[in-house]
Amino acid sequence: MSAIDSLFKTLRAQGHKAFMPFITAGDPDLDFTAAVLRQLVARGSSMCELGIPYSDPIADGPVIQASYTRALGGGVRLARIFDMLSRTTPQLDAPVVTMTSYAIVYRLGLEDCVARAKAAGVAGMIVPDLPVEESDRLAAICRREDFSLIQLVTPTTPWDRARRIAEKTTGFIYYVSVTGITGERAELPAEIIDHVAELRSLADLPICIGFGISRPEHVRMLAPVADGLIVGSAIVRRMAEAESRGRQAVLAEIGDYAGELIAAMEG
Amino acid sequence: MTTTNPAPEEAGRFGPFGGRYVPETLIKALGQLSAEYEKAVGDRAFQLELADLYRHYVGRPSPLYHAERLSARCGGAQIYLKREDLNHTGSHKINNTLGQALLTRRMGKPRVIAETGAGQHGVATATACARFGFECVVYMGEEDIRRQQPNVFSMRLLGAEVRPVSSGSRTLRDAINEAMRDWMASVETTHYILGSVVGPSPFPRIVRDFQSVIGRETRQQCLEQLGRLPDVIVACCGGGSNAAGMFHAFIDEGGVELVGVEAGGRSTKAGDHAATLNFGRPGVLHGAFSYVLQDDDGQTGDVHSVSAGLDYPGVGPEHSYWKESGRVRYTYATDGETLDAFDTLAQTEGILPALESAHAVARAIQIAAEKSRDEAVVICLSGRGDKDAAEIARLRGVGGG
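Chains A and B are the protein sequences, given in the same order. Using my numbering, you'd call the opening residue of the first sequence number 1158 and step up by one each time. Using my numbering, you'd call the opening residue of the second sequence number 306 and step up by one each time.
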């Protein structure tokens, strides 16, 4: 049983939901990344998703794109991200998963990529540009290593296909709330509730919802149907101010923001 | 477009290359496009309508022109130009956009998006959208908007919205990213008319098939005008759509040497060129597994070319397949060689080639010079150079407007 399986087993037994923040690695540097991870976990996050900066992220909106661009411009390299994770994950009382483009996974080599991530204490990986029909090789390696390969279901996924994805995914199913790219939205479509309920009838795995979630009212709307909620751009946007506003101030604000959403989720 | 495919093409792959590495959100639309294309291939009415558009709207067949003065200048083989520059909108791009516009209509989608580098594909898409009554948005990097102004005006005159892309290197690669992001949100009502043989399956095959009219005509024209097939065919290769369309009809003709010419830029140093097949390695970019210019972390490399249309760090997966099979030889021409070839063609034949096509001219001149007078070299002259006049003037420090 992977760290992610254990987490959701525990949360389900306690009747809790997972708050799962997403942050970019290396924006503006990896020391700050480690500090934000510690802060988010200290404030009650159940799992952290770490975005590995990529030069051409087509599923990401302007906030995360700009963050990746800053991180790469600052010279962040994979070896240093893995080093930071090796030092930081032992201090975190929550699993970390990475969001990694297949361009990067392929370049590192599938076996090496999983081995290095696992050695750095990473529990699983989301590969947003690797659809289920292309994922067999990576999925086999991940299964062998007890490393979760989290796959995505979207509003455009037909149900027979969603069933296939649900059978192949490990850890949890990532349900994408909107047809579009990442980024904060004022309102989320009401049909998410029905889609997730239907998806639940196909699979026993935890279902976590992401894309567009940023406000307490979103959390109150979705927490009842989900096992976890993923919040990215709203945090990454705050991280972007680390240099202009001071790191401590931004760290505190991110902590308070996470605390506010976690309170909304529990309420 | 119903030719048999010489590559072992299975599940959207050419040998190991190709595939569909895109977010789940786009998978349904790619499946719909594949299914609709399969139906269209077997639909005689679709084929007839496209053939009619090619003939009466584009002005096909484009001539195969014997460039006698250029041939004499080189002192070797006879050089022939496949005149895609004479097509409506001034390049080969219209062959693909009309085909995909017909597919858009079949799918019932009212809106079209496209990326463009040199602006040739943008103009061809805007043209097809005006002709069929689709809303049209074209993504174009800010750097390319600057250096290809005439095409930006044309697109706007044709009713398209040109959206500047300011991310990354502000060139073709970033325009593709931005078009993909638009498509992520608009996929239910929008068709993405991708302009080259790149991207996720089925685009590489569809674009190649629509462009393969170039090679089919060339083959027939060679038989009529030369009484035989040519010895060498040369085409420029960025994403590689004119080259794929030209080469496809000759892949099984082992006696015809096929040469793809990439952008050699300023030097062979990483970042100074866009010669993906010459200096890159297999990897993933824009939804396909193919050769790519990437660093050891999988980050896409910066590229440079004097021509906006070749300024791209990837290449179509079928070209990767042809490279590895050895069927096509891929070389490159530098910016300097390209500008010289532009002048040579302009002054010997009275034809201004697009800077993209001038790469093929540069290498073909050299190849022809080493051959005997009874041999024949065909250049795919994929586009006209009017769009480049101002940029060339700027590069030479001449007031060009």
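Even for Gly, the Cβ is constructed at its ideal location relative to N, Cα and C.
Residue i vs residue j beta-carbon contact at 8 Å
{"i": "residue 1217(A)", "j": "residue 1392(A)", "result": "no"}
{"i": "residue 653(B)", "j": "residue 378(B)", "result": "yes"}
{"i": "residue 1187(A)", "j": "residue 1256(A)", "result": "no"}
{"i": "residue 489(B)", "j": "residue 330(B)", "result": "yes"}
{"i": "residue 1288(A)", "j": "residue 325(B)", "result": "yes"}
{"i": "residue 1193(A)", "j": "residue 1210(A)", "result": "no"}
{"i": "residue 1239(A)", "j": "residue 1277(A)", "result": "yes"}
{"i": "residue 1329(A)", "j": "residue 1385(A)", "result": "yes"}
{"i": "residue 1369(A)", "j": "residue 1341(A)", "result": "yes"}
{"i": "residue 546(B)", "j": "residue 595(B)", "result": "no"}
Chain A within 8 Å of residue i, Cβ atoms only
{"i": "residue 604(B)", "result": "yes"}
{"i": "residue 599(B)", "result": "yes"}
{"i": "residue 492(B)", "result": "yes"}
{"i": "residue 333(B)", "result": "yes"}
{"i": "residue 590(B)", "result": "yes"}
{"i": "residue 482(B)", "result": "yes"}
{"i": "residue 735(B)", "result": "Outside the displayed span of chain B (306 to 706) sits residue 735(B), for which this structure offers no information."}
{"i": "residue 326(B)", "result": "yes"}
{"i": "residue 307(B)", "result": "Caution applies to residue 307(B), whose pLDDT of 39 falls short of 50 and renders its modelled position unreliable; the model cannot decide the point."}
{"i": "residue 486(B)", "result": "yes"}
{"i": "residue 412(B)", "result": "no"}
{"i": "residue 489(B)", "result": "yes"}
Residue i burial status per 10 Å Cβ neighbour count (16 or more: buried)
{"i": "residue 1158(A)", "result": "exposed"}
{"i": "residue 1268(A)", "result": "exposed"}
{"i": "residue 705(B)", "result": "Model confidence at residue 705(B) stands at a pLDDT of 42, short of 50, so the residue's coordinates are unreliable; what they give is reported in the following sentence. Its Cβ having fewer than 16 others within 10 Å, residue 705(B) is exposed."}
{"i": "residue 533(B)", "result": "exposed"}
{"i": "residue 430(B)", "result": "buried"}
{"i": "residue 493(B)", "result": "exposed"}
{"i": "residue 365(B)", "result": "buried"}
{"i": "residue 573(B)", "result": "exposed"}
{"i": "residue 1334(A)", "result": "buried"}
{"i": "residue 687(B)", "result": "buried"}
{"i": "residue 1315(A)", "result": "exposed"}
{"i": "residue 564(B)", "result": "buried"}
Residue-level contact to chain B via CB, residue i, 8 Å cutoff
{"i": "residue 1212(A)", "result": "yes"}
{"i": "residue 1302(A)", "result": "no"}
{"i": "residue 1310(A)", "result": "yes"}
{"i": "residue 1343(A)", "result": "no"}
{"i": "residue 1306(A)", "result": "no"}
{"i": "residue 1333(A)", "result": "yes"}
{"i": "residue 1155(A)", "result": "Here chain A has residues from 1158 to 1424 only, and residue 1155(A) is not among them."}
{"i": "residue 1366(A)", "result": "no"}
{"i": "residue 1123(A)", "result": "Examination of residue 1123(A) is not possible in this model, given that chain A is present from 1158 through 1424 alone."}
{"i": "residue 1394(A)", "result": "no"}
{"i": "residue 1261(A)", "result": "yes"}
Local conformation of residue i per DSSP, three classes
{"i": "residue 525(B)", "result": "helix"}
{"i": "residue 1209(A)", "result": "coil"}
{"i": "residue 376(B)", "result": "helix"}
{"i": "residue 1390(A)", "result": "helix"}
{"i": "residue 410(B)", "result": "helix"}
{"i": "residue 387(B)", "result": "strand"}
{"i": "residue 1378(A)", "result": "helix"}
{"i": "residue 681(B)", "result": "strand"}
{"i": "residue 1383(A)", "result": "coil"}
{"i": "residue 1173(A)", "result": "coil"}
{"i": "residue 1232(A)", "result": "coil"}
{"i": "residue 701(B)", "result": "coil"}
{"i": "residue 632(B)", "result": "coil"}
{"i": "residue 1344(A)", "result": "coil"}
{"i": "residue 462(B)", "result": "helix"}
{"i": "residue 319(B)", "result": "strand"}
{"i": "residue 599(B)", "result": "strand"}
{"i": "residue 1244(A)", "result": "helix"}
{"i": "residue 1416(A)", "result": "helix"}
{"i": "residue 1368(A)", "result": "coil"}
- According to a CB-to-CB cut-off of less than 7 Å, which residues of the segment 1348-1360 of chain A neighbour chain B? Closer than 7 Å at the C-beta level to chain B, one finds no residue of the segment 1348-1360 of chain A.
- Report the residues of the segment 460-478 of chain B with a CB closer than 8 Å to any CB of chain A, ordered along the chain. When CB distances to chain A are screened at a threshold of 8 Å, the residues of the segment 460-478 of chain B falling below it are 472, 473, 478, in chain order.
- Task: Please name the residues in the segment 417-440 of chain B whose beta-carbon is closer than 8 Å to at least one beta-carbon of chain A, in chain order.
- Result: So nothing in the stretch comes that close.
- Query: Between the segment 1214-1229 of chain A and chain B, which residues of the former have CB atoms less than 9 Å from a CB of the latter, in chain order?
  - Reply: Within the segment 1214-1229 of chain A, the residues whose Cβ lies closer than 9 Å to some Cβ of chain B are 1214, 1215, 1216, 1217, 1218, 1219, 1222, 1223, 1226, 1229, listed in chain order.
- Closer than 7 Å, Cβ to Cβ, to anything on chain B: give me those residues from the segment 1228-1248 of chain A, in chain order. Residues of the segment 1228-1248 of chain A with a C-beta less than 7 Å from any C-beta of chain B: 1229, 1234, 1235, listed in chain order.
- Item | Contact set between the segment 1177-1204 of chain A and chain B, restricted to residues whose Cβ is under 7 Å from the partner | Under the 7 Å Cβ criterion, the segment 1177-1204 of chain A contributes no residue.
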